[in-house]
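Just below is one structure, and these are the notes that go with it.
Protein chains in written order, with the numbering used here: chain A, 663 to 1161; chain B, 663 to 1161.
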């Protein structure tokens, strides 16, 4: 239900500012931060600063503290139950009161655990969705940026080719009439000017940062890929580090799915053990529950730290990303502001170059028109290079319109918005669901760990006083071969008892 | 787990063809279709044809058949259990064998039902996500289309204004020199030509179809909105039909959430009834289970028909949408193909107009430059209108670049791809999950309906032979005040029994 309401509230806003909704998700975990000396730390996202890292580590440490406390509580509860309970009168047949309640509370705890697992799968899927959206937006942005570079390169080459061949031929043909040669030279100058202006538009050329590299780094979190070990082994240096990251990330992803499946199996087998009254199975599942409890607290720590860091990042992503991109790419503020803000207040930094190129192209066109009118009647051999030049001009004008569309901030800004939405809406929401899963499963497993030993002590024993000594561990299915114990009640019961 | 794997497989592909993945989702339900006379029907999406509608209704009817069969099976099973079982020896204390198994199978069925509910919530959320993505893409497309219209209107008005004021002033100032007046008249002609070319670019002007209207119609499925009854009552005719649709859609949405919650409550209260051995609660929950079983089969029929229709639509959406849009908008094939296909093979239908406008703008610029050079030294009063004209020209050129970017197919085609992905990946996936929920809950509830009467017959009775007569219905909590029955076993047990 909560997931549904959340989804209705998180209405994606693809126009205008990248995100209007889900602010409560990002403003939510604005808890006070502190470093190891418990001094307050500013909550701005600064992953490179040591005190911020310490604040995140402190969040992880809090989960460790929770684990320790819950282990101590379970140990105290069980020691008190096993060793300090009042001695039973010998030969007493009835188990301690509340036996049915123990089983039912165990079942309830396992149900809560199963609910948590469902939430965990949902959260994992949401996180994966968000990361996949981020990676797809980055890939699309990379596609746009490389398309700009290729288009500029293509146009410049085409113009250079026209200058070298057709315009030179034309000059040679028209060499008798100086005013026509002057017009041809004018067209050549304009074409060279256009090529020069266009080269300034390929702003991403030579920039060391590749969004597709970032997308690849990110998508390792998201999906399992068959690891190409040969490529990892055959390269050295930085590639090896990348391979290491890849292996670690894939293992992290796998670990999450395995944790969820492990907890599901523990819940189901514990229920089976309770149903079949198999003491052996219940004891094994108690030990497994302890293991999963530790893992749940561990994952809770990691998720909490990631969620805190991500919410800090998402509370004002623009400034951080703008500064980071400026450092990484060395691009000017005007270009970055244009693409990251993309509103009426920021003017197109390529406007001047585009207008100049456009005018130069129009001038070439009118000069070619003039040449066709003046020269072709006198020099029929000029017609072929002129037609070829007009064809080149038409193609260049078509490409120019495409370049204008690619350079406009709408496309890249939409990718930026989609990437932020993926990270700060879906991925953060998924992380919060994963956190809820960890909380629920930690609570459910702690309850189950308290109830299970009491429940197995209530199984029909050979020697009830030895219920804590584990004397039946070696014969788990023995009671299945016993004579059926005559029973009057077939259900665990949780009713009030008369006093 | 399956959701996760599915998500890894459904990698969104925002570049190139709108969807490469999730084909198996759409090709999946390509079952043979038949109409009411069971003649085969082509599986192409044709919602307006009667035989296709019949094929979908037949899918709904299949769910009705399933409901009937499962009701008959449950009735036969229960009648056989109640009336045909061997007479118990009077005074027998032990319930029939397998009593614990009945309870545990009931618990297992309810667990499966709870799993189904989780899947249902996930599917509902996915469907809502998909519809929200579709509606957001439609809104974005509408934003682009209206932005084109507004931009064209603004540019035309600006040029008209310049022609009416500055160019007229300039002509009056330069009236003594005819060649300058001719140049001014040339600029005026060019400006009028640009305005005329631009007006042809506002291709969506006067089109009766509004994507935002479609988005609003669609988003009623997705989210609950406070219904503005006054606006519904104060208008007549078509608006009333819209209000009716709105109310129906919101009710459909609400019904889904209520069904999921109802089933969750039935599962939990049945478990509570079993735990407290409350015969009254279990009987009420049995009746409720019957109701929810009917509702589950009903929702399954609707989901199956919707999924079949949607998968037919999604197997080749382009042709259908292209034809529908052509009929609804009356736009030419060249424009629709350009936006729906958006690849190298389809040329920009606005290329000619854009190039002509661009050349005319460049010509105006060179004429103004010439005028400034020639006229200003002789007529200083010409400087003010010339500067104003150049300012207008600069703004128009900036707007022209924005118009080129808006008219390019990238943006609108990306919206189209996002809308299709929302409908054919997320919404269809969510529908399949909802179908899985309905199947699981129908199976679980049928099992529970078979087990529950047997389980309540095993509750500690006042008069065991009257277990089918309902004689305890009026005193639901009576046994809570009874003396506790001495019991040796506190758990339901499902072990093998010795022969």
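Every residue gets a Cβ at the ideal spot worked out from N, C-alpha and C, and that includes glycine.
DSSP state of residue i mapped onto helix, strand, coil
i               : result
residue 820(B)  : helix
residue 836(A)  : coil
residue 852(A)  : helix
residue 707(A)  : coil
residue 977(A)  : helix
residue 951(A)  : helix
residue 746(B)  : coil
residue 724(A)  : helix
residue 1122(B) : coil
residue 942(A)  : helix
residue 1213(B) : With chain B running from 663 to 1161 in the structure shown, residue 1213(B) is simply not present.
residue 857(A)  : helix
residue 876(A)  : helix
residue 766(A)  : helix
residue 730(B)  : helix
residue 640(B)  : With chain B running from 663 to 1161 in the structure shown, residue 640(B) is simply not present.
residue 871(A)  : coil
residue 715(B)  : helix
residue 1038(A) : coil
residue 1029(B) : helix
residue 1006(B) : coil
residue 960(A)  : helix
Best match in the options for proximity to residue i [C-alpha to C-alpha]
i               : options                           : result
residue 800(B)  : 781(B), 876(B), 1037(B), 841(B)   : 876(B)
residue 810(A)  : 1111(A), 1070(A), 1101(A)         : 1070(A)
residue 1041(B) : 1083(B), 838(B), 797(B)           : 838(B)
residue 939(B)  : 744(B), 1120(B), 731(B), 717(B)   : 1120(B)
residue 782(A)  : 740(A), 803(A), 920(A)            : 920(A)
residue 880(B)  : 1112(B), 794(B), 1009(B), 775(B)  : 794(B)
residue 1003(B) : 953(B), 922(B), 1072(B)           : 1072(B)
residue 820(B)  : 1100(B), 1067(B), 780(B), 1054(B) : 1054(B)
residue 1111(B) : 767(B), 1018(B), 718(B)           : 767(B)
residue 765(B)  : 951(A), 1028(A), 934(A)           : 934(A)
residue 996(B)  : 1019(B), 1011(B), 1079(B)         : 1011(B)
residue 878(B)  : 1068(B), 773(B), 797(B), 1028(B)  : 797(B)
residue 1015(B) : 1043(B), 1062(B), 1085(B)         : 1062(B)
residue 1051(A) : 1084(A), 706(A), 831(A)           : 831(A)
Close Cβ partners of residue i (< 7 Å) along its chain, the five nearest in sequence each way excluded
i               : result
residue 1143(B) : Because the pLDDT at residue 1143(B) is just 35, under 50, the model does not fix this residue reliably, and the value given afterwards should be weighed accordingly. Same-chain partners within the cutoff: there are none.
residue 1027(B) : 1055
residue 1183(B) : In this structure chain B extends from 663 to 1161, so residue 1183(B) is not present and cannot be described.
residue 855(A)  : 1022
Cβ-based neighbour list, residue i, same chain, cut-off 6 Å, excluding 5 preceding and 5 following
i               : result
residue 1118(B) : 941, 944
residue 827(A)  : none
residue 1008(A) : 999, 1000
residue 721(A)  : 966, 967, 970
residue 869(A)  : 991
Spatial neighbours of residue i in its chain, beta-carbon cut-off 8 Å, leaving aside the 5 residues before and after
i               : result
residue 969(A)  : 691, 1090, 1093, 1094, 1097
residue 788(A)  : 1088, 1089, 1091, 1092, 1095
residue 1135(B) : Only weak support is given to the placement of residue 1135(B): the predicted model assigns it a pLDDT of 31, under 50, and the value that follows is read from those uncertain coordinates. Cβ neighbours of residue 1135(B) beyond the five flanking positions: 941, 942, 945.
residue 1108(A) : 732, 735, 736, 955
residue 847(B)  : 833
Under 9 Å from the C-beta of residue i: neighbouring residues of chain B
i               : result
residue 1013(A) : 1056, 1059, 1060, 1063
residue 1010(A) : 1060, 1063, 1064
Residue i, enclosing alpha helix (DSSP H) - first and last residue
i               : result
residue 637(B)  : Residue 637(B) cannot be examined here, being either before or after the span of chain B that is shown, 663 to 1161.
residue 1079(B) : 1071-1083
residue 996(B)  : 995-1003
residue 1118(A) : 1090-1119
Chain-ordered chain B contacts of residue i [CB-CB under 7 Å]
i               : result
residue 1072(A) : 1067, 1073
residue 780(A)  : 780
Cross-chain neighbours of residue i in chain A, by beta carbon under 9 Å
i               : result
residue 1027(B) : 1017, 1021, 1024
residue 848(B)  : Those within 9 Å of residue 848(B) in chain A number zero; the least Cβ separation is about 12 Å.
Contact list for residue i against chain A, beta-carbon separation under 7 Å
i              : result
residue 784(B) : 784
Proximal chain B residues relative to residue i, where beta-carbon distance stays under 8 Å
i              : result
residue 999(A) : Chain B residues near residue 999(A): none, gap ~17 Å exceeds 8 Å.
Where residue i meets chain A, residues with beta-carbon distance less than 8 Å
i              : result
residue 766(B) : 937
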